[in-house]
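Shown next, in structure tokens, is the structure this report addresses.
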Amino acid sequence: MFGSKKREHPERAGLRQDFEYVTSTARRAPEAVQMVLGHSINLASTDFVARFRSIEVFRVTPGAEKLEYLQQLTAAEMELQKKDPQAAIGFALFKMWVGALAAKDNELMRQFSKELSMLSKKVRDNRHCIELGRHGWDVRNRDHVPLTKPFRIRAQAEQFADLIGDFSMVQVPALRTGELPQIRCTAWAKAKIGPREGDPGSPRWRV
0 MFGSKKREHP ERAGLRQDFE YVTSTARRAP EAVQMVLGHS INLASTDFVA RFRSIEVFRV
60 TPGAEKLEYL QQLTAAEMEL QKKDPQAAIG FALFKMWVGA LAAKDNELMR QFSKELSMLS
120 KKVRDNRHCI ELGRHGWDVR NRDHVPLTKP FRIRAQAEQF ADLIGDFSMV QVPALRTGEL
180 PQIRCTAWAK AKIGPREGDP GSPRWRV
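Straight run, no breaks: the sequence shown in the numbering used here ends on number 206.
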């Protein structure tokens, strides 16, 4: 029918709604919380760049490797929930961004990139770096070596800005562990990447 709007895929809608819920709550959170979220997003993106180098390389990476990476992000998120729930939220947001990228959904990519960029920028100057330390955030790299120099923290934020350039310990009660997005983005990416083994007509919904 003329003027009718294509119905949004339920997994896509769920991913988008989860992302919007978490980011809208983050915007109302204390600045210290936003800085922790931003720094964990930057750490996740640093690992992404170390592995894939760029969005373009990720796009041509085999689907199985993309899904493996999403599973690794999920495992990292679950582990962080035990130690630092706020950092886990940052990883969850970055994972949803990767899910949209894996699904080749440019509209979601633009929306997610804008929100993640806002949080990433929270840790770009010395004041924010000092504030992270005051709130007990132990900044470590992939080898678990403490990184105490502010320029390293800023460099990670700038690297995230470069990554998305193509798309222009206070508790937060509303962000309860049970409400955190966990695997939805992986399910959506699987639905877009390929069928279940032995059944070319069905999406692979489970890890």
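In this text, a Cβ means the ideal position worked out from N, Cα and C, and glycines have one as well.
With contact defined as three or more Cβ pairs closer than 8 angstroms, the segment 19–27 and the segment 67–82 are not in contact. In the three-state reduction of the DSSP assignment, R50 falls in the helix class. For D17, the enclosing alpha helix (DSSP H) has its first and last residue at P9 to R27. At the C-beta level, F90 and A75 come within 8 angstroms of one another. With a contact defined as Cβ atoms closer than 8 angstroms, M95 and F47 miss out at about 13 angstroms. Cα atoms of A43 and E7: separation of roughly 28 angstroms, rounded to the nearest angstrom. Cβ atoms of V122 and N41 come within 8 angstroms of each other, at about 7 angstroms. When only Cα atoms are considered, L36 and E64 end up about 26 angstroms apart. Taking 4 residues as the minimum length, the alpha helix (DSSP H) runs contained wholly in the segment 83–120 are 84–101 and 105–119, in order along the chain. Around the beta-carbon of R52, fewer than 16 other beta-carbon atoms lie within 10 Å, marking it exposed. Taking a C-beta distance under 8 angstroms as the contact criterion, L100 and Q33 do not qualify as a contact pair.
In this structure, DSSP gives T60 a state outside helix and strand, which the three-state scheme calls coil. Secondary structure at K65: helix, using DSSP grouped into helix, strand and coil.
Taking 8 angstroms as the cut-off, the Cβ atoms of L107 and F93 do not count as close. Nearest to A102 by alpha-carbon distance, out of M77, A86 and T60, is T60.
Going by beta carbons, S23 and A86 fall outside the 8 angstroms limit.
Apart from the 5 residues on each side of it in sequence, L72 sits with its Cβ closer than 8 angstroms to the Cβ of A43, F90, F93, K94 and V97 in its chain, given in chain order.
In the three-state scheme derived from DSSP, where H, G and I count as helix and E and B as strand, K5 is classed as coil. In this model, N105 and R15 are separated by some 13 angstroms (Cα to Cα).
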